[in-house]
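With this note's numbering applied, the sequence shown covers 332 to 455. Step one of this worksheet: look at the structure below.
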Amino acid sequence: MNFRLLIFDLDGTLVDSAEDVHFCLNQTRAKLGLPPLSLEQVRASIGPGPYKFAEIVIPEERQDLFDEFIRLFRQCYMAHLTDRTRPFHGVRDTLKRMRDIDLILAVATNKPRRFTVKLLKDLN
């Protein structure tokens, strides 16, 4: 099979971002008067995108907080995007080997572009 392009998911595939998401999620929940969630609860809710994520982590009876939650979470996340986020073990070496054999590498993610670009730049 000949292929030249590989497309990777970002969160949970190339990088482990759960701790930074967890931190900002609980900072946001605290500002909105909601109790914290465990890291395990957050890991289970990562993936469907920020609006679906907010629906999961905001109690049904408090969906009135949705817009404010998104605003506060994004503000926190931009400031703490790579505090704890790291590539998974072996990812850097694997990607380097792929580039060395002239494969085209791309990322597909539902993370907003400004976060994705900053994260990839910060993690080199």
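Don't be surprised by glycine CBs; every beta carbon is placed ideally from N, CA and C. No experiment lies behind these values; they were computed from the predicted model shown.
Closest by C-alpha distance to residue i, when choosing among the options
i, options, result
"residue 361", "454, 452 and 388", "388"
"residue 399", "356, 450 and 343", "356"
"residue 405", "433, 428 and 353", "353"
"residue 430", "333, 337 and 418", "337"
"residue 419", "402, 335 and 348", "348"
"residue 385", "445, 401 and 446", "401"
Supposed close pair residue i, residue j - CB separation, criterion 8 Å
i, j, result
"residue 453", "residue 412", "7 Å"
Residue i - DSSP class collapsed to helix/strand/coil
i, result
"residue 436", "strand"
"residue 334", "coil"
"residue 370", "helix"
"residue 365", "coil"
Residue(s) in a DSSP beta bridge with residue i
i, result
"residue 417", "347"
"residue 342", "346"
Nearest-angstrom Cα separation, counted from residue j out to residue i
i, j, result
"residue 370", "residue 350", "7 Å"
"residue 342", "residue 332", "27 Å"
"residue 428", "residue 409", "30 Å"
"residue 434", "residue 450", "22 Å"
"residue 417", "residue 407", "18 Å"
"residue 358", "residue 375", "18 Å"
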